[in-house]
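Residue numbering for the sequence shown follows our numbering, beginning at 178 and increasing consecutively.
Even for Gly, the Cβ is constructed at its ideal location relative to N, Cα and C.
Quantities reported herein were computed from a predicted structural model and do not represent experimental measurements.
Notes follow the structure.
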Amino acid sequence: MIWPHFRAPLAAVLASAALAACAPDLGSRPEPSQPSAYDTTRSFTAPSAPWPTEQWWTAYGDPQLNALITEAIAGSPDLKIAEARMRQAEAVAEQTGAERWPTLTADAQVGPLRQSLNQGFQPQFRSFLPHGWHTQGRLNANLEYELDLFGKNRAAFAAARSDERAATMDMAAAYLALSTSVASAYADLVRLGADHAAAVDAVHVRQETAALVAARARESLENQGQVSLSESEVAGAQAEVDAIDGLIAMTRNQLAALLGKGPDRGLDITLPANAQVTPAGLPPSLAVDLIGRRPDIAIGRRPDIAAARLRAEAAAKRIDVAQADFYPNIDITGLIGLQALDTKDLFQHASLMGQIAPAVHLPIFDGGKISGRYRAARADYDEAVAAYDKTVTGALREVADAIANQRTLNQQLAHARTALTASENAYRIAGLRYRGGLSRYVEVLTAEDTTLSQRRNVADLEALAFSQNVALVRALGGGFVASACSEKGETGFPVGTCSKDLN
């Protein structure tokens, strides 16, 4: 029987476990903050609205924007990088998981051999040795298995699976960053288009005023200095148009890069009109749903929060890995096969050989190496928890900023439109007085400057609503739902960024 041969090794294992060093006491582990720890009631005040949908950009009703985001998803290098990192994490998890299972290999060897007879054998024993050349054969199977009594390999595998899921969340975060970056750059293009229209209008206004000043000068009602001043205003307005043209070109280049294309692709993007932006609102239970309701699994509406939570879970499991190093490591190696000095005897029963060899590795003195690894693992966990909390507070701040900006935008726009109406009235009166010879050109110029500035301001604010709406969508996660991925095995994104249940 084999069992009696294991009694002594088993006793050695039990004794080793009793003698094993203990992990240093580093105090209780910090826990990731729960949604209830964050007070958002007063900041998150807005009309109720649903969460963004998966293809949230279609709500703007712009076919060109829809096509650009679809093209970016298909060709962006950023998504390809994130996808490659996700596959790397999957491969690491596969390798780590293999440590939980036995390793089985097979060896076979056949070759000519001549046995030396001059190796201290007595003459009477030499007759038992083969003489001359013969063919030796060996065929055996080898087994290696770590018992993992203290859960080191299981904890390492759990950590790798959490890292794999975190990489999946990173893929979703890259998708969100790409789609919102394209929409944000497109919103900049909308704003620049409005600026360009206002600047061209300013050129026309300056030209009309310059023509009026020149006509009055021909009638000796205005001096040449005022004519030159009005002409300089025309040139200055045209320079402003040229500057905006440069900004439009750079924004088109930015969009082309986001699409993964060359700058010529940006030349095909037309200047868009103002987008259809619906009034912004906030979903109910925003903080709880954004962060995730369940503390035991990373779910929620923000992929970066889910990824940070999963990395904290991975770091916690690596503490268990480091702690297991304080205990004995028990390996079992086995071998069974056939061996014969001559291959004609290889498959005879007498050629059967085998070995089972348990091995116990006990840390006794290592100069603090294991303790240092344990402390490092705990520090990594503390850092991961702090990074998670930082990610949560950053996400909540982004939502609060987006809502605050949208809340004040309507007030700004109302005041700007009132100011524009007043400035246009003042400009009209100044023009009438100037034509009637009741005022100087400088009064017209002042009123004109004010009117053009107010028109530009109103155009910017109207276009800014688009940018701020995109910022709110980004802050709310852009339609990402980690829990739906985990439960349904489906992706909320068309690039396959689902977080499947890997527990």
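DSSP three-state label for residue i, please.
| i | result |
| --- | --- |
| Asn317 | strand |
| Asn295 | coil |
| Asp502 | coil |
| Glu323 | strand |
| Asp637 | helix |
| Leu467 | helix |
| Gln272 | helix |
| Trp228 | coil |
| Asp284 | strand |
| Pro682 | Any answer about residue 682 is impossible in this case: the structure gives the chain only from 178 up to 680. |
| Asp473 | Low confidence applies here, because Asp473 scores a pLDDT of 48, under 50, leaving its location unreliable; read the following figure in that light. Asp473: coil per DSSP, three-state reduction. |
| Asp216 | coil |
| Asp497 | helix |
| Trp310 | strand |
| Gln211 | coil |
| Ile507 | strand |
| Ile258 | helix |
| Pro480 | helix |
| Leu369 | helix |
| Leu529 | strand |
| Gln453 | coil |
| Ile246 | helix |
| Leu518 | coil |
| Pro535 | strand |
| Leu512 | strand |
| Ala459 | According to the sequence provided, residue 459 is Leu. The question's Ala does not apply to it. Leu459: strand per DSSP, three-state reduction. |
| Ala333 | helix |
| Gly654 | coil |
Going by other Cβ atoms of all chains shown within 10 Å of its Cβ, with 16 needed for buried, is residue i buried or exposed?
| i | result |
| --- | --- |
| Arg206 | exposed |
| Pro472 | The predicted position of Pro472 is uncertain, since its pLDDT is 49 and thus under 50; a value taken from the coordinates is nonetheless stated next. Classification of Pro472: exposed, given that the 10 Å Cβ count is below 16. |
| Ala553 | exposed |
| Lys329 | buried |
| Arg605 | exposed |
| Glu271 | exposed |
| Asn587 | exposed |
| Arg383 | buried |
| Ala536 | exposed |
| Asp284 | exposed |
| Gly402 | exposed |
| Ala636 | buried |
| Ala412 | exposed |
| Ala266 | buried |
Just the Cα atoms here: how many angstroms apart are residue i and residue j?
| i | j | result |
| --- | --- | --- |
| Ile547 | His538 | 14 angstroms |
| Arg393 | Thr386 | 11 angstroms |
| Ala268 | Met348 | 16 angstroms |
| Glu323 | Ala200 | 22 angstroms |
| Arg277 | Leu518 | 37 angstroms |
| Pro289 | Gln516 | 14 angstroms |
| Ala214 | Glu575 | 17 angstroms |
| Thr280 | Leu320 | 6 angstroms |
| Ala414 | Arg486 | 53 angstroms |
| Val650 | Trp228 | 9 angstroms |
| Glu639 | Ala452 | 9 angstroms |
| Thr218 | Thr230 | 24 angstroms |
| Gly683 | Ala350 | Given that the chain is displayed from residue 178 to residue 680, the structure contains no residue 683 and the question cannot be resolved. |
| His311 | Gly531 | 24 angstroms |
| Gly204 | Pro505 | 24 angstroms |
| Val359 | Leu641 | 15 angstroms |
| Arg429 | Leu369 | 11 angstroms |
| Ser225 | Asp566 | 26 angstroms |
| Gly238 | Ile482 | 30 angstroms |
| Asp626 | Gly571 | 41 angstroms |
| Arg555 | Ile250 | 39 angstroms |
| Ile541 | Asp255 | 48 angstroms |
| Leu512 | Gln292 | 25 angstroms |
| Leu523 | Ala275 | 33 angstroms |
| Gly423 | Thr595 | 31 angstroms |
| Asn582 | Ser644 | 10 angstroms |
| Thr455 | Ala236 | 9 angstroms |
| Ser409 | Val621 | 15 angstroms |
Less than 8 angstroms between the CB atoms is what I'm expecting for residue i and residue j, so what's the real figure, rounded?
| i | j | result |
| --- | --- | --- |
| Val144 | Thr357 | Absent from the model: residue 144. The displayed extent of the chain is 178 to 680, so no value can be given. |
| Leu432 | Tyr363 | 7 angstroms |
| Leu366 | Leu448 | 7 angstroms |
| His373 | Ile446 | Wrong, their Cβ atoms sit about 14 angstroms apart, outside the cutoff. |
| Gly654 | Arg479 | 5 angstroms |
| Ala343 | Ala491 | 7 angstroms |
| Arg332 | Asp543 | Position check: residue 332 holds Ala in this sequence, whereas Arg was assumed. The Cβ separation is near 20 angstroms, so there is no contact. |
| Gly314 | Val287 | 5 angstroms |
Open item on the list: My parser needs the alpha helix (DSSP H) runs of 4 or more residues fully inside the segment 392 to 444; what are they?
Closed with: 401 to 435 and 440 to 444
TODO: Please specify which runs of the alpha helix (DSSP H), each continuous and at least 4 residues long, are wholly inside the segment 537 to 615, giving them in chain order.
DONE: 546 to 612
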